[in-house]
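> Below you will find the structure I want to go over with you.
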Amino acid sequence: MYKPTRQPEPNQCHQDASGALVTVHSVLSNHVTFYRDGYSSPCKQPVERFIRKFTEVKP
1 MYKPTRQPEP NQCHQDASGA LVTVHSVLSN HVTFYRDGYS SPCKQPVERF IRKFTEVKP
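At position 1 of the sequence shown the residue is numbered 1 (my numbering), and the sequence of numbers has no breaks.
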């Protein structure tokens with residue numbers, strides 16, 4: 001894992017501090033829409049917060 005310095009992109013996998021995985025669905029200028037593993041409803045966060053809270057998981 002590493003901390004990204006660029007904006008997240010659709011279909012990227014990220015991990016939060018507790019180890020939960022999420023998959024980015026879409027990125028707009030001010031927010032990221034993503035799905036948490038095991039959940040069917042999307043989540044949204046501002047881009048800056050998403051970058052602070054999540055770490056990209058490289059395949």
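A virtual CB, placed ideally from N, CA and C, is assigned to each residue, including glycine. Predicted, not measured: the structure shown is a model, and the values here were computed from it.
Assign P42 to buried or exposed, taking buried as 16 or more other Cβ atoms, counted over all protein chains shown, within 10 Å of its Cβ.
exposed
> Is the beta carbon of C13 sitting closer than 7 Å to the one on V57?
yes
> Helix, strand or coil for K44 per DSSP?
strand
> Can you tell me which of the three DSSP states P4 falls into?
Note on P4: pLDDT 48, under 50, position unreliable in the model; the coordinate value appears next. P4: coil per DSSP, three-state reduction.
> Can you tell me where the beta strand (DSSP E) with V32 in it begins and where it stops?
31–36
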